[in-house]
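Chains as they are written, first to last, in the numbering used here: chain A, 1 to 407; chain B, 1001 to 1240. Where a beta carbon is used, it is the ideal one built from N, C-alpha and C, also for glycine. Since the structure is predicted, the reported quantities are computational estimates derived from the model, not experimental observations. Below is one structure; the comments refer to it alone.
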Amino acid sequence: MPKIAEYEPVVGSSTIEELRLLAGKLQGKVIQNINSTAVGGGVAEILNRMVPLLQELGVDTRWDLIKGGESFFNVTKKFHNALHGKPEEITPQMFEIFMETSQRNINEVNIYGDILFIHDPQPIALIKKKPLKPDSKWIWRCHIDVSTPNKQIWDFLIPFIHQYNGAVFSAPGFSQPLPIRQFLISPSIDPLSDKNKDLPQDTINNVLEKYHIPKDKPIITQISRFDYLKDPVGVIEAYRLVKKRIDCQLIIAGGTATDDPESTKVFAETKETAGNDTDIHILPIPSGSDIEINALQRASTVIVQKSLREGFGLTVTEALWKAKPIVASSTGGIPLQVKHKYSGLLCHSVAGAAFAIKQLLNSPEYAKRLGENGREHVRQNFLLTRHLKDYMLLFLCMYHPEDIVYL
Amino acid sequence: MNAFNKAKEPFKFYTQLHMPELTGLKAANLQELLDLIKTVPGSVIYHHTHRFLQQHQYLSPEPPNDFAYWITGILGEEELGEALYSIDTIQYTSIRELRDEIIRTIENYIVKHPRSLHKFATPGEEFHFLKSVSFVFQTPYTASDLKEFQAVLQRVTISSIYFHMFEARLRTGQGTNDFSNWLEDSLSEKKLANKIASLDPYTHTMENLRNTLIKLIEKRVVGSMEKPPETDVEIALPKL
């Protein structure tokens, strides 16, 4: 895991100094993170990086887990999907299972932090322990797009959320009317991780060879798991409109989860839509192949993210960091990252996506400028160091209700 | 006066960091936007007219104004967007005055173009009102003469320069900045102070502003070194 000093060449030494100063203002405070898993999933990925870096900066940061069985996690998976707006059948029994496991965790989890940083709905009921430590500050960190949540589940969560001192969302559109303070913290990418670090051209070439992708024509790429909400079929339709005018090829690459029947189905449908077009490369990439994803992004001429719904859209962040021109749907956190005509092009339809892709392929100088702007935008706003700064400011906010704080 | 004269008081560099807080308020058309601009706290207007400076440096010299960006990009009212972009932010020394000018500009436009009220943002593209919680704290850097000042300017973050150039105007309500005040009061560098005070910081990117400041000081230092002092002054940057 990289040390904080290793980020200096990327963001500048003064930014790192500022983080150290800020950390000094949190001396004596213990930050206790709680979530449901130590590995797998976006939250664990963030905590695995953030916790050691905060500790290195001198902030006493700990990380604890709740426990749950298969039935509990099946329920929370359904809650998660429904909060994202996906239709799910929710039964009263599911709430019972949720509360049963929650009660066990309330009994077993030791609360010792000055600030309790609770991630996502799984451990949300731990707030019931707040009276045991009345001075403690509790923050609910919602990593989910709850812009149109399933009402039944949201109503169930609301009484818990109201007891927190603050809530954190990833995009302005995700916030809901709440009687507590709500903060905006965008996710981030790690510029030194395998998925984002610079790669030698040889590595990129090897990956292209491995997947039999020639370099003789422009490459349009969408990286995302095989999911209806990522609209891979729409991407192929857009490619076909482009292909009528410009000879190009398409890569759709991402993970398929073997335990997720929907993902298998979407993969099959995508393959079927692609038919026998040899310029379309549908690539199921096993998880953990971060360098391959990185190489495919770097080999691309234009990167597309034509999602129908999106959380924050970290694949967009990754593409922008590689200074790639991007065409992306105006949904979820994407408009925060892509300012239309400045750091990429936004689209709302298959035809719109195709038009934007053609513009970029036909105007390489314009495409280059958008890509470079995108990279600078990510450097300023969506790297791990900014995330560290936001977390520390958030913790300080718990002790300062005013709008201007003199530390 | 030369570059090595010591100031009466050293300049202490501060920095300011922002935490965006969601208000839960949003607007889908011009009327809703206007109504909310009239009633939200000053820290909300501040956020949407200033935070842009630090978030979208590459957009400069586009003037920093989220309202103008949304009105142009989402509602497609380019003329109004241009009018808002063109507001000379620097002439306002309080958020209240700036807010009044934004309100006046939008109201005048609505009177001239009543049909603009019928344009709505599609769901997901509404204007979300945020406010900034600002944290101000001292950095370890100080400067006692022009050379030190120049060296520290190269070193501090853009947030520090932002605090002394932008925030100072709103904080003091005097339409000037901390650097000019110090140069004039503590080093008697009135001419240099005036040059810096006359810059329009809103039309520079932050890095560009840093370089402009450094060049102005460098020019002054070179000018004053025509007769160099007998001993060199060692510039010690604080260690963290």
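- Separation of the CB atoms of residue 114/A and residue 29/A is rounded to 5 Å, and the pair is thereby assigned contact status at 8 Å.
- In its chain, beyond the 5 residues on either side, 1065, 1067, 1068, 1071, 1102, 1105 have a beta carbon closer than 7 Å to the beta carbon of residue 1084/B.
- Straight-line measurement puts the Cα of residue 164/A at about 28 Å from the Cα of residue 87/A.
- Shown here for residue 35/A: same chain residues with a beta carbon closer than 6 Å to its own, the five before and five after excluded, namely 43, 119 in chain order.
- The Cβ atoms of residue 1210/B and residue 1192/B lie no closer than 8 Å to each other.
- Between residue 279/A and residue 249/A, the C-beta spacing is below 8 Å.
- When CB distances to chain B are screened at a threshold of 7 Å, the residues of the segment 378-404 of chain A falling below it are 380, 381, 389, 390, 393, 394, 396, 397, 403, 404, in chain order.
- Residue 344/A is bridged by DSSP to 340/A.
- The count of Cβ pairs closer than 8 Å, one atom from the segment 1006-1018 of chain B and one from the segment 1135-1147 of chain B, reaches three, so the stretches are in contact.
- Note on the segment 296-377 of chain A: whole beta strand (DSSP E) runs with a minimum of 3 residues are 302-305, 326-329, 345-347, in chain order.
- Annotation: residue 38/A to residue 141/A spans about 16 Å, alpha carbon to alpha carbon.
- DSSP lists 65/A as the beta-bridge partner residues of residue 35/A.
- One alpha carbon belongs to residue 157/A, the other to residue 98/A, and they sit about 11 Å apart.
- Residues of chain A with a Cβ closer than 8 Å to the Cβ of residue 1125/B are, in chain order, 330, 335.
- Taking 8 Å as the cut-off, the Cβ atoms of residue 52/A and residue 94/A do not count as close.
- For residue 104/A, no chain B residue has a C-beta closer than 7 Å to its own C-beta; the minimum C-beta separation is roughly 33 Å.
- By alpha-carbon distance to residue 108/A, the top candidate from 96/A, 125/A, 58/A, 92/A is 125/A.
- Between the segment 279-292 of chain A and the segment 339-347 of chain A there are fewer than three C-beta pairs closer than 8 Å, too few to call the two in contact.
- With 16 or more other Cβ atoms inside 10 Å of its own Cβ, residue 338/A counts as buried.
- The C-beta distance from residue 300/A to residue 1125/B rounds to 27 Å, too long to fall under 8 Å, and the pair is not in contact.
- Taking 8 Å as the upper bound for CB-CB distance, residue 1208/B and residue 1196/B are not in contact here, some 14 Å apart.
- When DSSP states are grouped into helix, strand and coil, residue 214/A belongs to the coil group.
- Partner residues in the beta bridge of residue 281/A, as assigned by DSSP, are 251/A.
- For residue 1132/B, the three-state secondary structure derived from DSSP is strand.
- Here DSSP, grouped into helix, strand and coil, assigns residue 164/A to coil.
- Taking the Cα of residue 1029/B as reference, the smallest distance to any Cα among 1146/B, 1167/B, 1169/B, 1128/B is reached at 1128/B.
- For residue 317/A, the CB contacts under 8 Å within the same chain, skipping 5 residues up- and downstream, are 187, 188, 189, 337, 378, 382 in chain order.
- Its chain contains 1030, 1031, 1034, 1116, 1117 as the residues whose beta carbon lies nearer than 8 Å to that of residue 1110/B, once the 5 sequence neighbours on both sides are disregarded; these appear in chain order.
- When Cβ-Cβ separations below 8 Å define contact, residue 18/A makes contact with chain B.
- For the set 302/A, 347/A, 390/A, 307/A, the Cα lying nearest the Cα of residue 326/A is the one of 302/A.
- Cβ atoms of residue 229/A and residue 307/A come within 8 Å of each other, at about 6 Å.
- With a cutoff of 8 Å on beta-carbon distance, residue 1170/B and residue 1086/B are scored as not near each other.
- In its chain, beyond the 5 residues on either side, 1028, 1074 have a beta carbon closer than 6 Å to the beta carbon of residue 1121/B.
- At least one beta carbon of chain A lies nearer than 8 Å to the beta carbon of residue 1043/B.
- In the DSSP assignment, residue 1046/B falls within the unbroken alpha helix (DSSP H) covering 1042-1046.
- Rounded to whole angstroms, the Cβ separation of residue 1040/B and residue 1025/B is 7 Å, and the two are in contact under 8 Å.
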